[in-house]
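Colleague: Protein sequences, first through last, are from chains R and U. Counting with our numbering, you get residues 1 to 139 for the letters of the first sequence. Counting with our numbering, you get residues 1001 to 1405 for the letters of the second sequence.
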Amino acid sequence: MSKKKWKLISWLFACLLTALVALFGVPFSSNGLLAQESLCGLNSTEWSFEAIKSMVERYGVAQKFACSGGSFQSDNPDVRADIAEWMAIGLKHNEKVLQDNIQVISEDIEKLQQLYEEIDKEITIHQETHRKVPVRGLW
Amino acid sequence: MKSKFNIPVWIVIVCFLALIIKPVLSQEYYSYEKVDNIARGTTVLIGKNLEPEQVENAEEDELSGSGVIIHRDCNTKVAMGAPDLEDTTTFCEYYVLTNAHVIPTEKADYGIRTADGKVYGQGINPTISGKKYDYNRQINRYEDKGYDLAILSFISDIQYPIAAFGNPDNIPTKKPDNILHVSGWAQPPKDSKKDNKRYRQTLIGELQERMSPGEIPGNYTLAYTLRTKTGISGGPVFNRQGELIGIHGKGSGKGIGEGPTYAIDIKQFIDLVSSDIDKKQKFSVSLPQPLDPLAMTFGKSHKNSGDNMTEKERKKFVISDILRDDDRRESVEYLAKKCLTLYEGGAIGAGLTNVRGQFSMDLNSCMNVYEGLVQENVAVQREKLDKLTKQIQGLEQKLSALNKK
Chain R
1 MSKKKWKLIS
11 WLFACLLTAL
21 VALFGVPFSS
31 NGLLAQESLC
41 GLNSTEWSFE
51 AIKSMVERYG
61 VAQKFACSGG
71 SFQSDNPDVR
81 ADIAEWMAIG
91 LKHNEKVLQD
101 NIQVISEDIE
111 KLQQLYEEID
121 KEITIHQETH
131 RKVPVRGLW
Chain U
1001 MKSKFNIPVW
1011 IVIVCFLALI
1021 IKPVLSQEYY
1031 SYEKVDNIAR
1041 GTTVLIGKNL
1051 EPEQVENAEE
1061 DELSGSGVII
1071 HRDCNTKVAM
1081 GAPDLEDTTT
1091 FCEYYVLTNA
1101 HVIPTEKADY
1111 GIRTADGKVY
1121 GQGINPTISG
1131 KKYDYNRQIN
1141 RYEDKGYDLA
1151 ILSFISDIQY
1161 PIAAFGNPDN
1171 IPTKKPDNIL
1181 HVSGWAQPPK
1191 DSKKDNKRYR
1201 QTLIGELQER
1211 MSPGEIPGNY
1221 TLAYTLRTKT
1231 GISGGPVFNR
1241 QGELIGIHGK
1251 GSGKGIGEGP
1261 TYAIDIKQFI
1271 DLVSSDIDKK
1281 QKFSVSLPQP
1291 LDPLAMTFGK
1301 SHKNSGDNMT
1311 EKERKKFVIS
1321 DILRDDDRRE
1331 SVEYLAKKCL
1341 TLYEGGAIGA
1351 GLTNVRGQFS
1361 MDLNSCMNVY
1371 EGLVQENVAV
1381 QREKLDKLTK
1391 QIQGLEQKLS
1401 ALNKK
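1) Please list the residues of the segment 64–98 of chain R that have a C-beta atom closer than 8 Å to any C-beta atom in chain U, keeping them in chain order.
2) By the criterion of Cβ-Cβ separation under 8 Å, what are the contact partners of Y116 of chain R in chain U?
3) Of all Cβ atoms in chain R, is any one closer than 7 Å to the Cβ of V1044 of chain U?
4) Should W6 of chain R go down as buried or exposed, given a rule of 16 or more other Cβ atoms within 10 Å for buried?
5) Measuring straight from C-alpha to C-alpha, what distance separates S29 of chain R and N43 of chain R?
6) Pick helix, strand or coil for Q1375 of chain U, following the three-state DSSP scheme.
7) If I measure Cβ to Cβ from L17 of chain R and keep anything under 8 Å in the same chain, skipping five residues before and after, which residues do I get?
8) Using a threshold of 7 Å, state whether the C-beta atoms of N1459 of chain U and G1234 of chain U are closer than that.
9) Of all Cβ atoms in chain U, is any one closer than 7 Å to the Cβ of I105 of chain R?
10) Mind checking who P1213 of chain U pairs with in its DSSP beta bridge?
11) If you measure from the beta carbon of I102 of chain R to each beta carbon in chain U, is any gap under 7 Å?
12) Less than 7 Å separating the beta-carbons of A966 of chain U and I1322 of chain U?
13) Mind listing, in chain order, the continuous alpha helix (DSSP H) runs of no fewer than 4 residues lying wholly within the segment 1239–1322 of chain U?
14) Distance cutoff 7 Å, beta carbons only. Does L42 of chain R sit that close to anything in chain U?
15) Can you check DSSP and say which residues form a bridge with Y1224 of chain U?
16) Just checking, does the segment 1164–1173 of chain U make contact with the segment 1137–1151 of chain U on the three C-beta pairs under 8 Å criterion?
17) Is S71 of chain R closer than 7 Å to C40 of chain R when the C-beta atoms are compared?
18) For my contact list, S1066 of chain U and T1043 of chain U are in at a C-beta cut-off of 8 Å; report their separation, rounded to the angstrom.
19) Out of U:E1059, U:V1285, U:M1211, U:Y1343, state which residue places its alpha-carbon closest to the alpha-carbon of H1071 of chain U.
20) Take L1363 of chain U as the anchor and find which of U:L1335, U:T1225, U:L1222, U:A1347 has the nearest alpha-carbon.
21) What is the DSSP secondary structure of T1098 of chain U, reduced to helix, strand or coil?
22) Are the CB atoms of I1348 of chain U and V1374 of chain U within a distance shorter than 7 Å?
23) How many angstroms separate the CA atom of N1196 of chain U from the CA atom of T45 of chain R?
24) Starting from E1093 of chain U, follow its DSSP beta bridges and name the residues at the other end.
25) Count the other C-beta atoms from every protein chain shown that fall within 10 angstroms of the C-beta of R1382 of chain U, then say buried if there are 16 or more, exposed otherwise.
26) Sorted by chain position, which residues of the same chain lie with C-beta nearer than 6 Å to E1033 of chain U's C-beta, five sequence neighbours on each side aside?
27) According to the neighbour-count rule (16 or more other Cβ atoms, all chains shown, within 10 Å of its Cβ), is R131 of chain R buried or exposed?
28) Can you round the beta-carbon distance between G1406 of chain U and I1264 of chain U to whole angstroms, since I take them to be within the 8 Å contact cut?
29) Please confirm whether F1154 of chain U and Y1120 of chain U have their CB atoms less than 7 Å apart.
30) Excluding sequence positions up to five away, which residues of its chain have a Cβ less than 6 Å from the Cβ of K53 of chain R?
31) Hey, is the segment 1306–1326 of chain U in contact with the segment 53–64 of chain R, meaning 3+ C-beta pairs nearer than 8 Å?
32) Buried or exposed: where does C1074 of chain U fall if 16 or more other Cβ atoms within 10 Å of its Cβ makes it buried?
33) Given a cut-off of 7 Å, decide if L1291 of chain U and G1242 of chain U are closer than it, judged by their beta-carbon atoms.
34) Taking buried to mean at least 16 other C-beta atoms within 10 Å of its own C-beta, is P1217 of chain U buried or exposed?
35) Quick one: grab the DSSP three-state call for T1043 of chain U.
36) For R1137 of chain U versus V1055 of chain U, is the C-beta distance shorter than 7 Å?
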């Protein structure tokens, strides 16, 4: 094949690729169609995807539970025990986060308390010293 | 001619009549507790070579299943070689309906455990007036006809209640009339060494779909939303009027599976018995049947033996309509302790689909509890901070006094 023909084919492919991107808007990112995120048979375009992803990744809902029956069926009604499972996991997670934060605050308060006690002690010693100075002066 | 009554009087009469007729026409729904009592009184456990006290000691055959008493025939000549019975002695022959796969062979001896904890089997002959009694048990399996159904009989001098047949066609697949109850003896959790006793439970769910006969092997026709496991097979399915509408027998897979579970509607059995050309059955069945008044009272008075639970175990068990090894039980128990209100009796309504109203109620009560928890924790820290603030103020005063000096 001549050099001219190769050049022509390359141009053709380049045009085709540009047209594809322009027409279908294929983004070459990690979230794009080429590497689309999916969970429980849902892809990231599904209306409930972000919520389910958050429940699994952030709140610790087992994927086995979320994907029970093979996939997450967004439009199916849930029974009370299933709803309780979602709620309990979410609440337990938040309860733990609350307790962890409270623990940190509690420890900070304790440190401040210790600091106060140390300063208070220093001041008392200082006061005692001040009181002794005039006495020493008498001698 | 002028009428004796004027219009307002007629209106009052019509309203009065409507008030009287309405409760008669409308179907009465029983609470979970009442259906649970009927279920307890009529559900039996069927086990290969089952002996008395085996269920209490968790020694029964692992593959034991459930069944329901559907027919009682008292004061009849049922067996060969009967002892001389006094006229006053009453003894009854009972028929139990179950799945064919619960009694895989007609040759084995299957013991039937009733709600009072007594066991009746071929080997364990019944005693009437203190004498042993020979009895030719009836066993009919309908597997060859395409039905996962079977019948077996027993004899006793005790009056046991029977389950009354209701029309399965009257249940819609829409809320709230589609609620149904499944009673049975689920296999105990396998991984538990302490908690290895089998309990009888009444599970609650909703009819989801009807299948035409033959669509699912075994002629299963009713699909519902509750989760079951091995052992509940052969157990009765009741509607909200406490009537028997089906025989449960199919889960959705291994263990406590996801997705619907299935029953054979009772009409299939009625058709089967009425088309019995050989007239093997000694009884006929029809629809509808009146409720047996004994069913509820018997179940109520045999609560512990009927469920195989001591008072202490019942107290610990709390939620009655979710299986012990259902992976959702821990969450349900956690929320029930904190915020979730029970559905009825001891049931949480585990298999009931949540409508928006119920969901918002559940969410609201749990959020209230959570808010209370946040406030409680913050209040404790606030108290500590207030104390510290006062102490620092004291420190400031000390420092300023020191500066003055």
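Here a beta-carbon is modelled for each residue, glycine too, at the ideal position from N, C-alpha and C.
Modeller: Answer, in terms of the structure:
1) F65, S68, G69, P77, D78, V79, R80, A81, D82, I83, A84, E85, M87, A88, I89, L91, K92, N94, E95, L98
2) L1388, Q1391, I1392, L1395
3) no
4) exposed
5) Note that S29 of chain R scores a pLDDT of 45, beneath 50, so its modelled location is shaky; the value from the coordinates is reported in the next line. Between S29 of chain R and N43 of chain R, the C-alpha separation is close to 15 Å.
6) helix
7) none
8) Because chain U here runs from 1001 to 1405, residue 1459 of chain U falls outside it and cannot be looked at.
9) yes
10) According to DSSP, which records beta bridges pairwise, P1213 of chain U is partnered with nothing at all.
11) yes
12) Beyond the ends of chain U as shown, which are 1001 and 1405, falls residue 966 of chain U; an answer cannot be given.
13) 1266–1274, 1293–1301, 1303–1307, 1311–1317
14) no
15) U:L1207, U:T1261
16) no
17) yes
18) 6 Å
19) U:V1285
20) U:L1335
21) strand
22) no
23) 47 Å
24) U:D1073, U:I1155
25) exposed
26) G1345
27) exposed
28) No answer is possible for residue 1406 of chain U: it lies beyond the span of chain U, which begins at 1001 and ends at 1405.
29) yes
30) L39
31) no
32) exposed
33) yes
34) exposed
35) strand
36) no
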